[in-house]
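Participant: First residue of the sequence shown: 1, per UniProt numbering; consecutive thereafter.
No residue lacks a Cβ here, since even glycine has one placed at the ideal position from N, Cα and C.
Since we're looking at a predicted model, the values are computed, not measured.
Just dropping this structure here.
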Amino acid sequence: MAPAALAQASGTAASPPTAQPEEPAGYGYGPGMMGGSWGDGLGMMGGGMMPGWGGKPWPGMMGGWGGPGTGPGHWGGPAVSIADRLAALKDELNITAGETDAWNTYAAAVTAADQSFADGVKSLWHPPASGAVTPDQRFDTMTKMVALMKQGYDQKKAAADALMPHLTQYQQGQASEILPGLATRHGGRGMMGGW
Numbered sequence: 001m002a003p004a005a006l007a008q009a010s011g012t013a014a015s016p017p018t019a020q021p022e023e024p025a026g027y028g029y030g031p032g033m034m035g036g037s038w039g040d041g042l043g044m045m046g047g048g049m050m051p052g053w054g055g056k057p058w059p060g061m062m063g064g065w066g067g068p069g070t071g072p073g074h075w076g077g078p079a080v081s082i083a084d085r086l087a088a089l090k091d092e093l094n095i096t097a098g099e100t101d102a103w104n105t106y107a108a109a110v111t112a113a114d115q116s117f118a119d120g121v122k123s124l125w126h127p128p129a130s131g132a133v134t135p136d137q138r139f140d141t142m143t144k145m146v147a148l149m150k151q152g153y154d155q156k157k158a159a160a161d162a163l164m165p166h167l168t169q170y171q172q173g174q175a176s177e178i179l180p181g182l183a184t185r186h187g188g189r190g191m192m193g194g195w
């Protein structure tokens with residue numbers, strides 16, 4: 001029964017739906033760009049980007065030094081090892097025996113790039129000797145962090161580009177959507193999602 005007929009049958013008048021205020025697209029609570037959970041407002045890259053060096057209430061940009069911001073799942077994802085993730089990608093792409101050498105070269109390069117990034121991040125995170133972190137110090141650290149991310153992405157992209165000619169056309173299509181170094185769409189697994 002239609003809402004108007006239902007209202008008429010029950011003896012009440014149907015009221016028109018009220019307009020709900022719209023939020024601008026892209027704003028509000030959600031899982032953030034690289035971590036956090038729905039409704040916690042952690043936003044981009046997990047635990048509070050701006051407080052820095054373990055400032056309250058969040059541990060700092062991407063988890064703080066030596067904490068959840070470094071190591072497996074350092075972008076707020078589950079703590080899955082690099083080796084496990086690469087094994088899953090290898091299975092997903094159905095890498096054949098003839099493609100294994102090229103895949104192993106790619107996997108070694110991605111693992112090395114990720115380890116280099118993690119080591120670089122750890123070198124950036126140390127508490128200040130005294131006093132608060134200045135805005136210039138925070139900006140310098142963030143600039144170095146972006147440079148580390150770019151360096152890691154470039155290394156993974158070079159490795160992925162070297163792998164592509166060894167794959168079938170179908171595998172290349174899949175790889176462009178899932179492999180670190182290639183997949184960069186909407187938080188894809190390429191540059192930072194899950195790595």
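1) Could you tell me which uninterrupted beta strand (DSSP E) segments, each at least 3 residues in length, are contained entirely in the region 155 to 190, listed from first to last along the chain?
2) Under DSSP, the alpha helix (DSSP H) around V110 begins and ends at which residues?
3) Pick from A132, K157, K144: whose alpha carbon is nearest that of G122?
4) Please report how far the alpha carbon of G112 lies from the alpha carbon of P127, in whole angstroms.
5) With burial defined as no fewer than 16 other Cβ atoms inside 10 Å of the residue's Cβ, what is the status of Y106: buried or exposed?
6) Give the straight-line distance between the Cα atoms of E177 and D101, rounded to the nearest whole angstrom.
7) Let me check understanding here. Comparing Cα to Cα, which of L163, M164, S81 lies closest to D114?
8) Would residue 209 and L148 qualify as a contact pair, given that the criterion is a beta-carbon distance under 8 Å?
9) Hey, could you find the ends of the alpha helix (DSSP H) A97 is sitting in?
10) Roughly how many angstroms separate the alpha carbons of L89 and G181, rounded to a whole number?
11) Do you know how far the Cα of N104 is from the Cα of L86?
Facilitator: With the given structure in hand:
1) Whole beta strand (DSSP E) segments, 3+ residues: zero.
2) Run containing V110: 100 to 124, per the alpha helix (DSSP H) assignment.
3) According to the sequence as given, residue 122 is Lys; it is not Gly. When each option's Cα is compared against that of K122, the closest is K144.
4) The question names Gly, yet the displayed sequence has Ala at residue 112. For the pair A112 and P127, the Cα-to-Cα distance works out to about 27 Å.
5) Buried.
6) Inter-residue distance for E177 and D101 is about 21 Å (C-alpha atoms, whole angstroms).
7) Ranking L163, M164, S81 by Cα distance to D114 puts S81 first.
8) This structure does not reach residue 209, given that the chain is present from 1 up to 195, and the question cannot be answered.
9) Premise fails: A97 is in no alpha helix (DSSP H) and is neither H nor E.
10) So the two alpha carbons sit approximately 13 Å from each other.
11) Their Cα atoms are separated by approximately 10 Å.
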